[in-house]
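Q:
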Amino acid sequence: MNSPILLIIQREFLSRIRKKSFLLITILGPLAFAALLIIPGIVASIPEHQKNIIVLDESALLRPTPDEGKIEYTDNIAFIVPNEVRDDYRLKFLIPLEHDLTSAKELFMNSEFDAFLYIPTGENWDPDWIKNNIKLIGKNKEVPSIKMAQFMDRVLEDRLNTIKLRTNGVDPDIVRQSLTQVQVESWTLDDQGNIHRSATRTKMALGYISGVLIYFFIFFYAVMVMRGIIEEKSNRIVEVIISSVRPFQLMMGKILGIGAVGILQFIIWVLLSGGTYLIVSNFVFPNLLAQQAAAGIGPGNVGSQGFQIFDILREIDFSQIIWGFLFYFFGGYFLYSSLFAAVGSAIDREAESQQYILPVTIPMLIALVTAANIIQDPNGPLAFWMSMIPFTAPISMMIRMPFYPPLWEVFLSGAILIATFFVIVFLSGRIYRTGILMYGKKVTLKEMYKWLRH
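Counting in the working numbering, the sequence shown runs from 11 upward without gaps.
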């Protein structure tokens with residue numbers, strides 16, 4: 011191995027994989043990624059403890075009738091408690107003749123209740139006025155959860171709609187029977203005529219995660235190239251190295267060596283994440299689902315739905331996503347690491363790099379900002395053009411990859427990315443060969459432009 015570039019690649023690769031930080035990130039990375047897939051299912055299967063809500067219903071909108079509830083005493087205070095418990099929430103109604111808003115708030119603050127619901131009454135019992143003045147109140151600056159607010163919204167909407175229908179002489183039961191909820195599920199048709207579930211929501215999440223991951227990988231390793239150049243430049247080691255190799259060889263050796271570290275780390279991540287996923291989905295979750303079935307938890311239960319994601323993930327072609335990630339990581343990394351190498355060669359301290367990093371990374375930030383629009387329409391014009399622009403393609407195309415974009419678009423995007431990489435490497439090399447030996451002078455963009463021309 012006498013080639014200067016190969017020697018530099020070997021030095022950069024070995025010096026970084028021997029660091030404790032590499033081992034730490036390599037182990038924690040796949041665990042964190044696997045947790046993104048596993049924790050939502052586990053959390054969804056854990057039942058919440060029952061929440062108690064104290065209610066002062068001056069309008070009798072929700073207050074149970076004698077047939078619908080019973081009187082209970084807590085700390086010598088009478089509550090009307092419904093016979094039916096709704097979801098994970100227990101409503102306890104104060105008797106309006108015994109309490110007003112002030113006393114109810116004082117009682118709430120000195121109790122163990124989780125929230126206080128106040129339903130006022132208007133002069134003419136106007137439902138629209140009542141709904142606009144209902145208050146769900148927390149305690150000690152603790153805001154009631156969104157789930158609790160949504161639960162109360164459903165309960166109040168149902169009761170107000172029932173009252174309005176009866177006022178207009180319409181039977182609410184007939185209206186409820188006439189209502190039909192429709193949720194169309196997307197499917198795809200392959201060349202053999204077989205229909206497969208499209209798993210759109212899962213692909214949206216997977217696409218966004220892939221885009222964020224590739225941004226992290228590209229930025230992390232490109233910055234590593236820049237820091238390595240700044241360190242060698244500040245220590246004057248580069249002067250010794252330049253006496254043996256050309257500046258372009260040094261730059262390419264650094265880029266390829268650190269890129270090899272990234273590929274090794276990614277392969278380890280895939281193997282560990284895939285192994286964790288297979289073990290959990292085949293040996294842990296089937297046992298949990300069997301326990302749920304024995305406990306009488308049906309498929310419509312929220313807890314069991316938390317595990318359906320593993321059935322959906324099995325229908326996704328991860329091989330295309332992995333190969334796409336490898337290609338766009340390499341392409342994006344080479345493109346941006348060349349730019350970061352040029353930046354590193356033009357400055358003496360890392361603190362000076364901030365003014366140059368932002369302009370370089372703006373395209374990647376734009377790709378992240380437009381991610382939500384691309385996910386909504388992965389084959390639309392915005393997604394197409396963001397995939398063709400080489401500086402945004404690594405992130406934008408990875409967001410689209412779970413949706414299987416047309417192959418000609420993938421190849422065209424890849425070809426443009428590769429061609430742009432060679433152009434950027436050539437231009438960055440011209441900046442690098444001059445800037446690497448510049449010390450003690452603050453370099454301006456105008457001066458860097460002059461280096462490009464000479």
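Every residue, glycine too, gets a C-beta built ideally from N, C-alpha and C. All figures in this text were calculated on a predicted structure; none of them were measured in a lab.
Could you check whether Arg26 and Ile268 sit closer than 8 Å to each other, using their CB atoms as the reference points?
A: Yes.
Q: Taking the straight line between their C-alpha atoms, what separation do you get for Gly424 and Arg410?
A: One C-alpha to the other measures close to 14 Å.
Q: How far does the beta strand (DSSP E) with Ile63 in it extend, from its first residue to its last?
A: Its beta strand (DSSP E) spans residues Lys61 to Asp67.
Q: Going by alpha carbons, who is nearest to Leu281 out of Lys29, Ile37 and Glu22?
A: Among Lys29, Ile37 and Glu22, the Cα nearest to that of Leu281 is on Ile37.
Q: For the candidate residues Lys80, Val420, Gln364 and Ser363, whose alpha-carbon lies nearest to that of Asn389?
A: The option with the nearest alpha carbon to Asn389 is Val420.
Q: Taking the Cβ atom as the reference point for each residue, do Phe432 and Phe339 lie within a distance shorter than 8 Å?
A: Not closer than 8 Å, so no.
Q: Given a cut-off of 8 Å, decide if Ser348 and Ile357 are closer than it, judged by their beta-carbon atoms.
A: Their beta carbons are not under 8 Å apart, which means Ile357 does not touch Ser348 by this criterion.
Q: Within this structure, are the beta carbons of Leu127 and Leu146 separated by less than 8 Å?
A: Against a cut-off of 8 Å, the Cβ pair of Leu146 and Leu127 comes out as a contact.
Q: Could you give the distance in angstroms between the alpha-carbon of Pro369 and the alpha-carbon of Tyr218?
A: Roughly 23 Å separates the two Cα atoms.
Q: Here's the rule: buried if 16 or more other CB atoms are within 10 angstroms of the residue's CB, otherwise exposed. What is Gln315?
A: Bear in mind that the predicted position of Gln315 carries a pLDDT of just 45, short of 50, making it too unreliable to give a figure here.
Q: Helix, strand or coil, according to DSSP, for Pro92 in the structure here?
A: Strand.
Q: Quick check on the burial criterion: 16 or more other C-beta atoms within 10 angstroms. Buried or exposed for Ile129?
A: So Ile129 counts as buried.
Q: Taking just the CA atoms, how far does Lys149 sit from Asp110?
A: C-alpha separation (whole angstroms): 18 Å.
Q: Alpha carbon to alpha carbon, how far is Met158 from Leu166?
A: Roughly 12 Å between the two C-alpha positions.
Q: If you reduce the DSSP assignment to three classes, tell me which class Ile205 lands in.
A: If DSSP states are grouped into helix, strand and coil, Ile205 belongs with the strands.
Q: Please state the DSSP three-state secondary structure of Leu99.
A: A small fix is needed here, since residue 99 is Tyr in this sequence, not Leu. Residue state, collapsed to three classes: strand.
Q: Counting pairs of beta carbons, one from the region 398 to 413 and one from the region 435 to 447, are three or more of them closer than 8 Å?
A: As far as the Cβ criterion goes, the region 398 to 413 does not touch the region 435 to 447, which means the pair count is below three.
Q: Does DSSP put Trp395 in a helix, a strand or coil?
A: Here Trp395 sits in helix by DSSP.
Q: Alpha carbon to alpha carbon, how far is Ile405 from Ala377? Give it in angstroms, no decimals.
A: In a straight line, the C-alpha of Ala377 is about 6 Å away from that of Ile405.
Q: Is it the case that the Cβ atoms of Arg100 and Asn62 are separated by a distance below 8 Å?
A: Yes, the pair counts as a contact, with Cβ atoms nearer than the cut-off.
Q: For a quick check, are the C-beta atoms of Ile19 and Gly263 less than 8 Å apart?
A: Yes. Within cutoff.
Q: Measuring CB to CB, does Thr112 end up less than 8 Å from Glu68?
A: It is not a contact, given that the beta carbons lie outside the stated cut-off.
Q: Just the C-alpha distance for Ser397 and Ile426, rounded to the nearest angstrom, thanks.
A: Approximately 10 Å between the Cα atoms of the pair.
Q: Cutting at 8 Å between CB atoms, please list the residues of its own chain near Ile428, excluding the five before and the five after it.
A: Excluding sequence neighbours, Ile428 sits near Gly341.
Q: Would Val255 and Pro14 be called neighbours here (beta carbons separated by less than 8 Å)?
A: Yes, Cβ-Cβ distance for Val255 and Pro14 is below 8 Å.
Q: Over what stretch of residues does the alpha helix (DSSP H) that includes Leu127 continue unbroken?
A: That residue, Leu127, is in no alpha helix (DSSP H); its beta strand (DSSP E) goes Ala125 to Ile129.
Q: Put Val312 into one of helix, strand or coil per three-state DSSP.
A: Unreliable positioning characterises Val312 in this predicted model, as indicated by a pLDDT of 40, which lies under 50. The coordinate reading is nonetheless provided below. Val312 falls in the helix class under three-state DSSP.
Q: Using C-beta distances below 6 Å, list every residue in its chain close to Trp135, excluding the 5 sequence neighbours before and after it, in chain order.
A: Hits under 6 Å: none found.
Q: Output the boundary residues of the beta strand (DSSP E) element that contains Ile147.
A: Its beta strand (DSSP E) spans residues Lys145 to Ile147.
Q: Need the endpoints of the alpha helix (DSSP H) that Tyr366 sits in, please.
A: Counting along the chain, the alpha helix (DSSP H) containing Tyr366 begins and ends at Gln364 to Val379.
Q: To the nearest angstrom, how far is it from the Cα of Leu34 to the Cα of Lys115?
A: When rounded, the distance between both Cα atoms is 52 Å.
Q: Could you pull out every residue in the same chain whose Cβ sits closer than 7 Å to the Cβ of Ile224, ignoring the five residues on either side in sequence?
A: Result list for Ile224: Phe335, Tyr338, Phe339, Gly342, Pro404, Ile405 and Met408, in chain order.
Q: Going by C-alpha distance, which of Ile156, Lys80 and Ile64 is nearest Asn120?
A: Minimum Cα distance to Asn120 is reached at Ile64.
Q: Under DSSP, the alpha helix (DSSP H) around Ala351 begins and ends at which residues?
A: Run containing Ala351: Phe328 to Ala356, per the alpha helix (DSSP H) assignment.
Q: Using the beta-carbon count (16 or more within 10 Å), is Thr371 buried or exposed?
A: Buried: at least 16 other Cβ atoms inside 10 Å.
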